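Per this note's numbering, the sequence shown starts with residue 197, numbered consecutively.
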Amino acid sequence: MKYLRFLLLCIPLSIAGYYLKWNSTITFFLVCFAIIPLAGYLGSATEEIAAYTGPKLGGFLNATFGNATELIISFFAIKAGLYDVVKASLVGSILGNILLVLGCSIFAGGLKYKELKYDSQLGSFTATMLLFAVIGLSVPAVFTYHVAEDLVSSKYENLSIIASVVMLCIYILGMIYSFRTQNDLYGVEHAEDIDSKWSLKLSTVILAVCTVFIAYESELLVDTIKPMTSSAGMSQMFVGIILIPIVGNAAEHSTAIIMALKNKMDIAIEIAVGSSLQIALFVIPISVLVSLFFSPMSIVLKPVELFLLFSSVLIANQVVKSGRSNWMEGLKLISIYGIAAAGFFIIG
């Protein structure tokens, strides 16, 4: 966090750039850099509050605010009607956590330690739940592509709503199960890894202030996407599936890598895979339900998104269940993400 605080200077710069009509590409990246430290402080405040409230309520707070940045960005993108960007950014968050974050964590830890060992049973519940979530996300697309020529029919939107409600219910039941059996699930760190630095009152204030600023910056981000992609020659698909997830998860990514460097791979894996689970079972269904207040959004994903999701989740399951890894496996995960990013940039 001591390094991220310098990026707070981007907050006034991004606001000035937006209202003074600076170059759209410069303004877009200023907004992105402004969101990174805010997301970091939001996560830190949540962890500090969790240290005071105990594992059960702390687990709920981590599950709720763990991906608050993505949820806020999605809300403003839905409001602006950028549904493809919304779905791409949420899919990109899952891919980024599984391939980039997990890959960088294993690679960094593997360079320091000859072999990384971790409890293969600890993350198996989360990895299995993630596989279920991806199947749930795929069902509306499978039925739609099989029988539909018109992908905007209301009946297919209804199928998305039903799938979202079911996945949200599974998410809530999964949290209840985890509270009773696995208190370290959904990003709750072990007690020895939580060093309380802020008071409960200060943590609450920081949480509230960061949420407000993230909401404001997210609105600016969404407003600058179209002019930026037009001037820079980038596709909205690339921005949604690569750039926005990296911005929203930057602070969380660094935490996972630091845990891996400390040879605490159980926590690093839980951060990467657990965050993906939150996106799939909580943020995506909530986004679909929120869209009902504007214009209904389906969760019908593109074939390339479905392929990458399935492939990534299968890889994550293999990594989690193996119980040991090395830097070469991490490099493979990063390479797959790099190839996908290049594909979305060139073709997307």
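All residues carry an ideal CB built from backbone N, CA and C; glycine is no exception. All values derive from a computational prediction rather than experimental measurement.
Exposed unless 16 or more other CB atoms sit within 10 angstroms - verdict on residue 449: buried
For residue 497, the nearest candidate out of 528, 288 and 292 (CA to CA): 288
Where does residue 524 land, buried or exposed, given buried means 16+ other C-beta within 10 angstroms? exposed
Is any beta-carbon of chain B found at less than 9 Å from that of residue 308? In the structure shown, chain B does not exist; there is a single protein chain.
Rounded separation between residue 340 and residue 354 - CA only: 11 Å
In chain order, what residues of the same chain have a beta carbon less than 7 Å from the beta carbon of residue 329, not counting five sequence neighbours either side? 363, 473, 476 and 477.
For residue 381, three-class secondary structure by DSSP: With a pLDDT of 44 at residue 381, under the threshold of 50, the modelled position of that residue is not reliable, and no figure is offered here.
Skipping 5 residues on each side, what residues in its chain have a beta carbon closer than 6 Å to that of residue 415? Short of 6 Å from the beta carbon of residue 415, and not among the five residues preceding or following it, lie these beta carbons of its own chain, in chain order: 272.
Using 10 angstroms around the beta-carbon of residue 303, count the other beta-carbons present and answer buried if the total reaches 16, otherwise exposed. buried
Rounded to the nearest angstrom, how far is the Cβ of residue 483 from that of residue 274, given a contact under 8 Å? 6 Å
Taking contact to mean 3 or more Cβ pairs, one atom from each stretch, closer than 8 Å, check whether the stretch 235-242 and the stretch 397-407 are in contact. yes
The alpha helix (DSSP H) enclosing residue 492, as first and last residue numbers: From DSSP, residue 492 is part of no alpha helix (DSSP H); its letter is neither H nor E.
To the nearest angstrom, how far is the alpha carbon of residue 453 from that of residue 540? 25 Å
At 3 residues or longer, what runs of the beta strand (DSSP E) sit wholly inside the stretch 466-534? Along the stretch 466-534, the beta strand (DSSP E) does not occur as any fully enclosed run of 3 or more residues.
Kindly indicate the opening and closing residues of the alpha helix (DSSP H) around residue 287. 279-291
Rounded to a whole number of angstroms, what is the C-alpha to C-alpha distance between residue 367 and residue 333? 13 Å
Please confirm if the stretch 485-502 is in contact with the stretch 307-320, defined as three or more CB-CB distances below 8 Å between the two stretches. no
Classify residue 429: buried if its beta carbon has 16 or more other beta carbons within 10 angstroms, exposed otherwise. exposed
Among the candidates 466, 356 and 490, whose CA atom is the shortest distance from the CA of residue 337? 356
Starting from the C-beta of residue 438, find all residues in its chain whose C-beta is less than 7 Å away, skip the five residues before and the five after it, and write them out in chain order. 288, 537 and 540
What residue range does the alpha helix (DSSP H) around residue 405 cover? In the DSSP assignment, residue 405 falls within the alpha helix (DSSP H) that extends over 396-428.
Simplified DSSP state of residue 275, which is helix, strand or coil: In this structure, residue 275 counts as helix in the three-state DSSP scheme.
Thinking C-beta only, is residue 413 closer than 9 Å to residue 207? yes
Can you grab the Cα-Cα spacing for the pair residue 228 / residue 520, in whole Å? About 35 Å.
Give the straight-line distance between the Cα atoms of residue 320 and residue 417, rounded to the nearest whole angstrom. 36 Å
By the three-class DSSP mapping on this structure, what secondary structure does residue 200 have? helix
Backbone CA spacing between residue 436 and residue 342 [nearest angstrom]: 26 Å
What is the rounded straight-line gap between the Cα of residue 503 and the Cα of residue 267? 24 Å
Mapping the DSSP letters down to three states, classify residue 442 as helix, strand or coil. helix
I believe residue 237 touches residue 406 by the beta-carbon criterion, under 8 Å. Please report the beta-carbon distance rounded to the nearest angstrom. 5 Å
Going straight from the alpha carbon of residue 234 to that of residue 494, what length do you get? 30 Å
In three-state DSSP terms, what is residue 312? For residue 312, the secondary structure class from DSSP, reduced to helix, strand or coil, is strand.
Neighbour-count burial assignment, residue 534, 16 or more Cβ in a 10 Å radius: exposed
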